[in-house]
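Let me begin by presenting the structure, written as structure tokens, before commenting on it.
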Amino acid sequence: MNLYPGIARLYENRLLRTELECEQFDLALEGLAGDTEDVVIHQIFKVFDDDTEQEEVMFSLVHFVESLQMEMYLTQLLHSLPEMLEHARNWAIVLNERILNDDNYRKDYADIAALMPPRIKQCLMFLLEEIKEDKPRLFERKVNYILSRLK
Numbered sequence: 090m091n092l093y094p095g096i097a098r099l100y101e102n103r104l105l106r107t108e109l110e111c112e113q114f115d116l117a118l119e120g121l122a123g124d125t126e127d128v129v130i131h132q133i134f135k136v137f138d139d140d141t142e143q144e145e146v147m148f149s150l151v152h153f154v155e156s157l158q159m160e161m162y163l164t165q166l167l168h169s170l171p172e173m174l175e176h177a178r179n180w181a182i183v184l185n186e187r188i189l190n191d192d193n194y195r196k197d198y199a200d201i202a203a204l205m206p207p208r209i210k211q212c213l214m215f216l217l218e219e220i221k222e223d224k225p226r227l228f229e230r231k232v233n234y235i236l237s238r239l240k
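Taking the numbering used here, the leading residue of the sequence shown gets 90, the next gets one more, and so forth.
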């Protein structure tokens with residue numbers, strides 16, 4: 090896998106098994122601050138991993154991607170979704186639930202998702218159905234809004 094150097098450092102330390110890995114992860118993330126090239130943003134979603142041992146440290150990556158320009162973040166998340174479902178399904182759920190809970194993000198997410206290729210739409214629909222099934226009271230209406238835009 091040919092990764093941007095800062096992303097490679099995050100990826101190497103993504104399991105956060107030791108204090109050193111946590112420190113290296115934080116330093117690598119700080120080094121990416123302000124770097125908003127599409128290739129960097131697309132690759133950063135490869136870092137999310139459900140096997141990470143320090144979820145609170147990984148949440149710094151959640152905050153980093155959420156700090157990006159909204160359209161760039163939402164577009165790159167959608168493009169990364171098929172791969173994320175393989176190794177970072179729980180993080181994909183976290184990111185999508187946070188989007189669902191924000192009116193502006195949810196609306197733009199639906200608009201951007203409607204323009205995605207069928208494979209990405211299918212992954213998103215599958216994930217959103219899972220979220221809705223798991224927490225219907227919180228997410229049914231919000232998920233249905235996005236699903237209605239994807240048909």
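Just so it is clear, CB atoms sit at the ideal spot from N, CA and C, and this is done for glycine as well. Please read all numbers here as calculations on a predicted model, not as lab measurements.
Note that the C-beta distance between Asp139 and His176 is below 8 Å. Within the same chain, and ignoring the five residues on either side of Tyr162 in sequence, the residues whose Cβ sits closer than 8 Å to its Cβ are Ile130, Val154 and Glu155. If you draw a straight line from the Cα of Leu217 to the Cα of Leu236, it comes to about 8 Å. If you keep only unbroken alpha helix (DSSP H) runs of at least 4 residues inside the segment 165-202, you get 178-189. By the neighbour-count definition (other C-beta atoms within 10 Å, threshold 16), Met173 is a buried residue. Within 10 angstroms of the beta-carbon of Arg230 lie fewer than 16 other beta-carbons, which makes it exposed.
Around the CB of Thr107, fewer than 16 other CB atoms lie within 10 Å, so the residue is classed as exposed. The three-state reading of DSSP puts Glu126 in coil, since its state is none of H, G, I, E or B. Distance from the CA atom of Cys212 to the CA atom of Lys221, rounded to whole angstroms, is 14 Å. Nearest neighbour of Leu189 by Cα position, chosen from Gln158, Met205, Lys224 and Pro207, turns out to be Lys224.
Here Lys210 is buried, its C-beta having at least 16 other C-beta atoms within 10 Å.
In this chain, the alpha helix (DSSP H) harbouring Arg230 covers Pro225 to Leu239. The continuous alpha helix (DSSP H) containing Met147 extends over residues Glu144 to Glu155.
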